[in-house]
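Number of protein chains: 2
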Amino acid sequence: MNKARSKDRGDEGEPDSGVSRPSDVLPGLDREQLRVLRQVGRQWGRVSPLLGVAHRALPVDPDLGAFPPAADIRPTRFGQLVHITPLGGHASAQAADVAGEIPGSRMGRIARRARRAMLGAPLKSTAVARESMRKLVALPVLSADALSSVAYGPEAMLGVLVLAGTAGLAYCLPIAAAIAFLMLAVGVSYRQTIRAYPHGGGSYIVAGDNLGLLPGLTAAGGLLIDYVLTVAVSIASGIAAITSAVPSLAPAAVPMGLAMIALLLVGNLRGIRQAGALFAAPTYAFILAMFALIISSLADATERGFQPAPTPHLNAAEGLGVLLVMRAFASGSTAMTGIEAISNAVPVFRPARWRNARTTLTWMIGLLIALFAGVVAIVHLSGVIPSSSETVLSQLAHLTFGSGAMYVFVQAATAAVLLLAANTAYNDFPRVLFLLARDDHAPHIFLRQGDRLAFSNGIALLSAAAALVYVVFDGNTNSLIPLYAVGVFLAFSLSQAGMVVHWRRVRTPHWRKSLAFNATGAVLSTLVLITAAITKFTAGAWVALVAIGLFFLLATRIRHHYQTVGTALRLHPDTVEAPDRTLAPAPAPPLTPPHPTAQPEARRTDRDAEEAEEEETPQAIHHLSVVALASLDLAGLRALAYAASLQQPTLALHISPSEEEAQRFRDYWTTWGDHVPLHVVLSPYRAITAPLIHYIEALHRQRPDLTITVILPEIVTQHLRHRLLHSKDATRLRHALRPLPKIVITSVPFHVP
Amino acid sequence: MNKARSKDRGDEGEPDSGVSRPSDVLPGLDREQLRVLRQVGRQWGRVSPLLGVAHRALPVDPDLGAFPPAADIRPTRFGQLVHITPLGGHASAQAADVAGEIPGSRMGRIARRARRAMLGAPLKSTAVARESMRKLVALPVLSADALSSVAYGPEAMLGVLVLAGTAGLAYCLPIAAAIAFLMLAVGVSYRQTIRAYPHGGGSYIVAGDNLGLLPGLTAAGGLLIDYVLTVAVSIASGIAAITSAVPSLAPAAVPMGLAMIALLLVGNLRGIRQAGALFAAPTYAFILAMFALIISSLADATERGFQPAPTPHLNAAEGLGVLLVMRAFASGSTAMTGIEAISNAVPVFRPARWRNARTTLTWMIGLLIALFAGVVAIVHLSGVIPSSSETVLSQLAHLTFGSGAMYVFVQAATAAVLLLAANTAYNDFPRVLFLLARDDHAPHIFLRQGDRLAFSNGIALLSAAAALVYVVFDGNTNSLIPLYAVGVFLAFSLSQAGMVVHWRRVRTPHWRKSLAFNATGAVLSTLVLITAAITKFTAGAWVALVAIGLFFLLATRIRHHYQTVGTALRLHPDTVEAPDRTLAPAPAPPLTPPHPTAQPEARRTDRDAEEAEEEETPQAIHHLSVVALASLDLAGLRALAYAASLQQPTLALHISPSEEEAQRFRDYWTTWGDHVPLHVVLSPYRAITAPLIHYIEALHRQRPDLTITVILPEIVTQHLRHRLLHSKDATRLRHALRPLPKIVITSVPFHVP
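Structure (structure tokens):
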């Protein structure tokens, strides 16, 4: 199945761009299976006249349910926003009156309406608009994650250094310089990726393509954790920007954060596109605010002759050692998160895509280094130290601008860009899950696009995970940072190591230079990764490492299951190669008298069940209908009539709690005329399910060649609330019957008011 | 249906003894329905040779699943305990190897084993042992509830009086005298009930029989609330007896109470019978302890010349008014709860039942009045006042016996008898619910007896309700008392008022005397009821009143629904009186071209759906099978083969998200050979359920005479954990299809490893 899909994808080109295609959800057949299908069809052809299966003269005209596609994506004011065609208005007059609602309970209708109000009307598949962005739009949209890291990266670094007291803060500048160099190296490294993977080169794809399954999955695990933490950290940091400005909101920080996650959830389920102007604003505002802050602050410092303002004396909580410096370095490196966004999103650029993407990446790296260096410099000059009640940026803004409009602007822009950064993860997390699901490494539910073309399941999972992490760590940025660095740099390292292998393989022009850049990036990233894993192991990095390990295990198990199922579902050449077996009616075993102890022990094994279910042709099926009856009311009689009308051997079964009741039922049966053989099973323990299952199992053991159809009358109430008043026997029986081999379960609903 | 059942019950005698009979769960048919059944059968007889429905030559021998009843109730050491036959050992050799377990997931097996370990092996229906008790056993078992009330009744009364300070306590003796008189009057009144209702006369039955539906249901509501509060109050009071003796346990009072409720839940689900010796002990111990306490205390008082010991001076929190005295009276009256137990349980006595029951009642009333009066007297003499940390009984025992063995004995006996009293409610609450359910006033799930012959659902509901009340009122007896009195005296009043009507009607010898006694009881009970409702309205009585009102509304709605359903399920004489309609094949409407706007508007109404489903004979059914296919794999082909083998008109349906995928699917279909007509519905919104439902609805509208069988291939995984990895489309479709008229839903499970 998997192979088939890969092949199918190959035909359509752009194998890994993360856009959902029908073949992902409904995989096609490979050549081998098509051959088998043709052979099976030939067998049907030999028997269908006899069986009359075709019945081409249908009593209905099937051509009434066409839902004519009327794809019209009209341009709107925001060019990239997708036009919404409501479900109600899609159909021709023919279907219009039925399209509005699924018949159902009132609760269902209310739920549907609430959903519609919150998420909007469904969108057609054809409404997927391929966005293409100008560089000036792509820059802010794609770099929000990276640039916003400046809001927490330097602070995280300082937060570690102050543990060593005033002396520790002196290391601030050299560490920042090392991080800036790292940014440069990784940025240059990703420039190579853009050239090599013009269709978008996420870490999962690059590592998986070049290094193999294990590194690919590890990178994917790192990425998924990275995205969860991006949401949690960005929200935590954004809320900190708000509570710094309005300290009275501080106690409500966690609920506010959860509300923001809920907002992102609903917004992304609706399918917020990265809508140019709307999304560009916060990033430009943030860049503006930062530069204003840095320049004003430097101007102040010039007046003081660049003498650092005195910091309050701090007592050292820890000794100043190599480990502390490394820890500060690892914390500060979180300012680099999001740097890979542009290389993942090359297809959204206007042609020549890769060239535009590279230019934009260069700009982003430049801005990132400038902002990061600027912030560290003015922190150093102004003598600000991290505080638990106010962010460093807020302190800087207070020092420089007082509490006026400019201060508010800085804080608002910071909060907005952080929220936007969290939103980036909402685009990427479901896409990685989609790619994993396409390779059978994640549940296939992540392949499905919701009503609004969003990968709803992935979005919901991200929200749940981020909310959990956010609450467990109490919305505290500093507690989250240790987990963050590991996932990010794991993905960086693997992606760039993958690029090194890539260049060695393809050897396109200038490959040596590219390889050198990528190798530098890979080595440096790996160093940061090791640093982070060691120095922050007890502070939380172990959580991330364990999570990646669990993810790997889980993904492997999931793939194993899908492959087993795929094999089980494949049309088997065996059946076709042994035509005698399927064509000739199976010889009916002699009806042995009921001495079951004398019968061969035929405990069902899984292999039995599997083998037993290869009836691809109608004549391979030998029927027995069993009607399970509780009483001879209208519902029961209707089920009996249905069973009889199928004209297959039919047996009526009644489970009776006592001999007395059994006799009464037999009397009714005689009154009715005994048209169908009746068997009454006495269930002295009053159970319904177990005796019926055992009976059906025993029938199967007596004649394993029969396909047993269990027909269950079922009372369906109009209102959900009335369902509690009726027996759930039919549902319970259906659940218990499902695992039996060669079983078919038929519900005959009887509708009561 | 209801009428039929009443009649059926009437034939079997002892209409209201609360013993479950098969006819309750599986009601019989009345004469009218039997007549219709015979007529319907005659119609089948006319067509069954043509249809070949009988197929009496079954391919299997149906006689293999007999579960031979081997009812043996062997006498055990405790005569009344029921012998347990484990499920595993019940079956003959024939069925032994299949009886042990239902095939299912490992989780299911573990759950089943845990259940078995906790609740014991299932019991057969025939294991219902009709207990019959000697008077010396019946007295302690049936009077535990009433006598244990002495542990909280006097204390509740004093608790109100101390609000008026020392002056209030003076009213203690007159109020107690009034309560003792009330006990006598109500006791004598219930003696009359025993004579009139020798099969057991619960308030619900007496009030319902004589006063009508509204009073009957009101009494039932009062009783149900009474039983919930009996559990909560008895447990609260029992825990108070324990924490009085061991004050260090006080902080754990609420968890301890919940643990006791859990113990009662498990014990009663296992089916604790009122096992003579075992259950008689606590009551006799309590009687012994109380008399020892009263006599010793009176002896002490004799030495003091019956001078009341000085009470500490108390400040009055409230003025001493009529209202306060009435409130104290209503609180003290809770000492009467449980007085009705003997009249409900007449059938458990040995013959002559009613005479033995009356004698026992007289003894109980005597003991109750003696204990109540004795406790109030020694409280008065010893000057004890209620305290929040120690019960009055514990204070009295401390004063009289110090802290030695006798003190411990008093407290232990008190706690034990209170636990036993709570257990009484576990016998009665499910029985009342059973009677309500039999009359369609409660969900029929309360008719079912569990594995262990206990009414498991009623027991579970009582535990949940009692635990809720217990936790909400923080396990505090005094907060619970105001709710208690209303329910108890409502049931008392209605029951005795019912008896008054009864005597006026039957006019058996001495009816005038009996009527007078019952009238006195009714008037006094009503006075207490009104007193309690008024004086304790704001303290909690309103909760009880609102609950009774809600119960009444709910019960009426439930009965209405069951009657509607019963009518819908009855075999209709209409169908038989118009034989043409069912015998002649329905004329096939001409196949109109698909211009649905031109078709008559045929919005489905409930009546339509009902009328449409009266096919009691096979030839009234015209088939169309629709196979819903997602892909042409082994599961899909098997469903197709199954559908074709039924030899009915068959249509294959595929829901496709895009034209591209639809074309691919059509190509596969052609490759296969196009043996079955295929229709592809385009679903541009990617939904599966809605388009399929709309399509099926449209087919139904085109040909409302057809019974449409929707055949769904369904992948069944061996392990529960793998279920998440597969689409739930089949389940969703089944749920959405159920409400459609004239639908049949067939699952073809395909088992994968």
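Chains Z and D, in that order, give the protein sequences. The numbering of the first sequence is the numbering used here, which starts it at 1 and goes up by one. The numbering of the second sequence is the numbering used here, which starts it at 754 and goes up by one. Cβ coordinates follow ideal geometry from the N, Cα and C atoms, glycine included.
At a CB-CB cut-off below 8 Å, which residues of chain D make contact with Z/Pro741? His1504
Rounded to whole angstroms, what's the CA-CA distance from Z/Gly238 to Z/Leu553? Just pull it up for me. 34 Å
Measuring alpha carbon to alpha carbon, tell me which of D/Ala1130, D/Ser1084, D/Ala989 ends up nearest D/Asp1227. D/Ala989
So within the region 127-210 of chain Z, which uninterrupted alpha helix (DSSP H) runs reach at least 4 residues, ignoring any that extend past its ends? Inside the region 127-210 of chain Z, DSSP marks whole alpha helix (DSSP H) runs of 4 or more residues at positions 135-148, 153-161, 166-169, 172-196, from first to last along the chain.
Of all the CB atoms in chain D, is at least one closer than 8 Å to the CB of Z/Glu661? yes
For D/Leu1445: DSSP bridge partner residues: None, per the DSSP bridge assignment.
For D/Glu1143, tell me which candidate among D/His1376, D/Arg1080, D/Ala1006 has the shortest Cα-Cα distance. D/Ala1006
Using a Cβ-Cβ distance cut-off of 8 Å, determine whether D/Gly781 contacts chain Z. yes
So, is D/Ile1496 buried or exposed, given that buried needs 16 or more other C-beta atoms within 10 angstroms? buried
Helix, strand or coil for D/Ser1378? Go by DSSP, reduced to three states. strand
For chain Z, check one thing: does any of its Cβ atoms lie closer than 8 Å to the Cβ of D/His1194? no
Return the chain-ordered list of same chain residues with a C-beta closer than 6 Å to the C-beta of Z/Leu182, the five sequence neighbours on each side being excluded. Leu524
Starting from the beta carbon of D/Ala867, find every residue of chain Z whose beta carbon is closer than 7 Å, and list them in chain order. Chain-order list of chain Z residues neighbouring D/Ala867: empty, with the shortest C-beta distance near 17 Å, by a criterion of under 7 Å.
Can you name the start and end residues of the alpha helix (DSSP H) that Z/Ser237 belongs to? First-last of the alpha helix (DSSP H) with Z/Ser237: 213-245.
If you measure between the beta carbons of D/Ala998 and D/Val894, is that distance less than 8 Å? no
Three-state secondary structure (DSSP) of D/Ala1062: DSSP places D/Ala1062 in coil when its eight states are reduced to three.
Could you tell me whether any Cβ in chain Z is nearer than 8 Å to the Cβ of D/Val1318? yes
Residue range of the alpha helix (DSSP H) that Z/Phe372 falls in? 353-382
By a C-beta neighbour count over all protein chains shown, 10 Å radius and 16 as the cutoff for buried, is D/Glu908 buried or exposed? Under this definition D/Glu908 is a buried residue.
Should Z/Asn478 be labelled buried (16 or more other beta-carbon atoms within 10 Å of its own) or exposed? buried
By the DSSP assignment, the beta strand (DSSP E) with Z/Glu714 in it spans what residues? 706-717
Please classify Z/Glu32 as buried or exposed, where buried requires at least 16 neighbouring CB atoms within 10 angstroms. exposed
Along chain D, in chain order, which residues have C-beta atoms closer than 8 Å to that of Z/Pro351? Near Z/Pro351 there are no residues of chain D at all, since even the closest Cβ is about 25 Å away, more than 8 Å.
Among the candidates D/Ile1092, D/Arg1258, D/Leu1236, whose CA atom is the shortest distance from the CA of D/Val1296? D/Leu1236
Compute the distance between the beta-carbons of D/Ile1464 and D/Val1505, then report whether it is under 8 Å. no
First and last residue of the beta strand (DSSP E) that includes D/Val1497? 1496-1505
Run of the alpha helix (DSSP H) containing Z/Leu678, from where it starts to where it stops: Run containing Z/Leu678: none in the alpha helix (DSSP H); it sits in the beta strand (DSSP E), 678-682.
CB-CB under 6 Å to D/Arg1334, same chain, minus the five flanking residues each way: which ones, in chain order? Because D/Arg1334 carries a pLDDT of 40, less than 50, the predicted location of this residue cannot be relied on, and no value is offered for it.
Kindly list the residues whose CB is nearer than 7 Å to the CB of D/Leu790, restricted to its own chain and excluding five residues on each side of it in sequence; keep chain order. Leu782, Leu1324
Span of the beta strand (DSSP E), counted from its first residue to its last, around Z/His654: 650-656
Any idea what DSSP makes of D/Phe1102, helix, strand or coil? Strand, per DSSP.
Around the C-beta of Z/Ile205, are 16 or more other C-beta atoms found within 10 angstroms, so that it is buried, or is it exposed? Per the 10 Å Cβ criterion, buried.
Z/Tyr284 touches chain D at which residues, Cβ-Cβ below 9 Å? Chain D residues near Z/Tyr284: none, gap ~36 Å exceeds 9 Å.
Around the Cβ of Z/Met118, are there at least 16 other Cβ atoms within 10 angstroms (buried) or fewer (exposed)? That one is exposed.
Just checking: is the beta-carbon of Z/Thr526 within a distance shorter than 8 Å of some beta-carbon in chain D? no
For a contact meaning CB atoms closer than 7 Å, what does D/Leu787 contact in chain Z? The answer, in chain order, is Thr671.
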